[in-house]
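Numbering (the numbering used here), first residue to last: 217 to 452. For glycine and all other residues, C-beta sits at the position ideal for the given N, C-alpha and C. Here the structure is a predicted model, which is why all the values come from computation and not from measurement. Notes to accompany the following structure.
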């Protein structure tokens, strides 16, 4: 049996998975970090692979961009394929002066403007999408061990990439560190099904300094992020 958006059969996907947005990043992870990797899906060109990292079964699946796409893949991966640990690995933009380009950011919580999450609970509840504490704690320790600069805190997951109306100054005042487009959806779906989730993000650009990583620099820092996610995945 497969799901509507995934060609994998039951058993093809490991219980632990990395979730980049970009299908070519999924391919990069499979080819450079996993051994014996086998592709299990290419539907909509969102590639999925299962292999091993240090002998441990690991899958990697691209999810596309935005909360709607992330929610589809996370829901089906958990409910249909039995995935229990999900790591978003992607980029974010620094909003806070304490966050530097090239840092790895561990999203403890995800503020959001998404009506998708609001519609789940209705107008009377503002659900707080949070990372799994065990994964977060393990990632912090591994970042120190691997000498990878990492910060922990709240991020904002937005529905619109080109969002001129977002009040960045107020978000920063309340301690929000960076902006991206998927984490709040992942954390909400994981909570719904009792799974564990953590976003491990590379800071690729800064709204404070206006610095932007080159393609070559992004690849190096992306690899640091993947190593951190994988090391955390196999011990948590």
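DSSP bridge partner residues for residue i (one or two, in chain order)
{"i": "residue 304", "result": "235 and 415"}
{"i": "residue 371", "result": "326"}
{"i": "residue 363", "result": "Beta-bridge pairing links residue 363 to no other residue."}
{"i": "residue 321", "result": "367 and 417"}
{"i": "residue 346", "result": "325"}
{"i": "residue 222", "result": "219"}
Beta-carbon proximity check, residue i vs residue j, cutoff 8 Å
{"i": "residue 271", "j": "residue 253", "result": "no"}
{"i": "residue 309", "j": "residue 394", "result": "yes"}
{"i": "residue 295", "j": "residue 377", "result": "no"}
{"i": "residue 317", "j": "residue 231", "result": "no"}
{"i": "residue 290", "j": "residue 406", "result": "yes"}
{"i": "residue 293", "j": "residue 229", "result": "yes"}
{"i": "residue 278", "j": "residue 237", "result": "yes"}
{"i": "residue 345", "j": "residue 403", "result": "yes"}
{"i": "residue 424", "j": "residue 313", "result": "yes"}
{"i": "residue 311", "j": "residue 428", "result": "no"}
Whole-angstrom distance between residue j and residue i, CA atom to CA atom
{"i": "residue 227", "j": "residue 235", "result": "18 Å"}
{"i": "residue 359", "j": "residue 370", "result": "18 Å"}
{"i": "residue 440", "j": "residue 255", "result": "23 Å"}
{"i": "residue 355", "j": "residue 325", "result": "15 Å"}
{"i": "residue 458", "j": "residue 392", "result": "Residue 458 is absent from the model: the chain starts at 217 and stops at 452."}
{"i": "residue 321", "j": "residue 430", "result": "19 Å"}
{"i": "residue 375", "j": "residue 329", "result": "7 Å"}
{"i": "residue 434", "j": "residue 451", "result": "26 Å"}
{"i": "residue 315", "j": "residue 367", "result": "8 Å"}
{"i": "residue 363", "j": "residue 353", "result": "16 Å"}
{"i": "residue 301", "j": "residue 412", "result": "5 Å"}
{"i": "residue 340", "j": "residue 401", "result": "19 Å"}
{"i": "residue 222", "j": "residue 250", "result": "20 Å"}
{"i": "residue 247", "j": "residue 350", "result": "28 Å"}
{"i": "residue 390", "j": "residue 357", "result": "26 Å"}
{"i": "residue 448", "j": "residue 269", "result": "11 Å"}
{"i": "residue 373", "j": "residue 422", "result": "16 Å"}
{"i": "residue 381", "j": "residue 397", "result": "16 Å"}
{"i": "residue 386", "j": "residue 399", "result": "20 Å"}
{"i": "residue 273", "j": "residue 338", "result": "39 Å"}
{"i": "residue 420", "j": "residue 241", "result": "15 Å"}
{"i": "residue 219", "j": "residue 426", "result": "41 Å"}
{"i": "residue 444", "j": "residue 280", "result": "22 Å"}
Cutoff 8 Å: residue i Cβ touching any chain C Cβ
{"i": "residue 439", "result": "No chain C appears in the structure shown, which is made up of a single protein chain."}
- Query: Whole beta strand (DSSP E) runs in the stretch 386-432 with 3 or more residues, listed along the chain?
  - Reply: 392-396 and 412-422
- Message: Runs of 4 residues minimum, wholly inside the stretch 240-310: which ones carry the alpha helix (DSSP H) assignment?
- Response: 283-295
- Message: Under 8 Å: do the stretch 300-315 and the stretch 411-420 share three or more Cβ pairs, one atom per stretch?
- Response: yes
- Item | Cβ pair count under 8 Å reaching 3, the stretch 325-342 against the stretch 258-267 | no
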